[in-house]
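Q: Let me begin by handing over the structure; questions about it come next.
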Amino acid sequence: MLLRLLPTFALIASVPVAAQSAPGGDPVKGSRQFLQCKACHNVAEKGPHAVGPNLWGVAGAKAGSKPGFNYSQALTKAGITWTPEQLDTFLARPNGKVPGTKMVFAGIANPQARKDVIAYLATLKKR
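Read in order, the letters of the sequence shown are residues -19 to -1, 1 to 108 in mature numbering (1 follows the signal peptide of the UniProt record, and there is no 0).
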């Protein structure tokens, strides 16, 4: 049992303490919620893309702009910058926000869970 929990503890420990007080969302809770996303997304600073793009540095970035990933035309032409508001709308229902996106995920229905994931994604940048 403990061995199965170690990756979760390591993920939570990697969230900066200063970011844990991010308004509107809890990055520690978001890191746990994000575990489902890791099936398709890598978040290592210099990690490779997976089924989906690597999400290191996604907060504040232009959608579809990370080199080396084959994004859908719908996403690259959407003209989105990943602000908290844009991430919230996209994570609620990806195909509703960007019809034609390759992301085959129904979305995160719970608004607080989305805020938590967005707070976590905001920690994925150089300090």
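Glycine included, every Cβ here is placed at the ideal spot set by N, Cα and C.
Model, not experiment: these values are computed from the prediction.
Indicate the three-state DSSP secondary structure (helix, strand or coil) for Thr62 in the structure shown.
A: Here Thr62 sits in strand by DSSP.
Q: Looking only at its own chain, which residues have a Cβ that is under 6 angstroms from the Cβ of Asp97, when we skip the five neighbours before and after it?
A: So the list reads Gly6, Asp7, Lys10, Gly11, Gln14, once near-sequence residues are dropped.
Q: Does the segment 59 to 68 come within contact of the segment 35 to 45, defined as at least 3 CB pairs closer than 8 angstroms?
A: In short, these stretches touch, since the Cβ pair count reaches three.
Q: What residues in its chain sit with their C-beta under 6 angstroms from that of Ala94, if we drop five residues either side in the sequence?
A: Gln14
Q: Using DSSP bridges, identify the partner residues of Lys43.
A: Thr62
Q: How is the alpha helix (DSSP H) around Lys78 delimited, first residue to last?
A: 75 to 78
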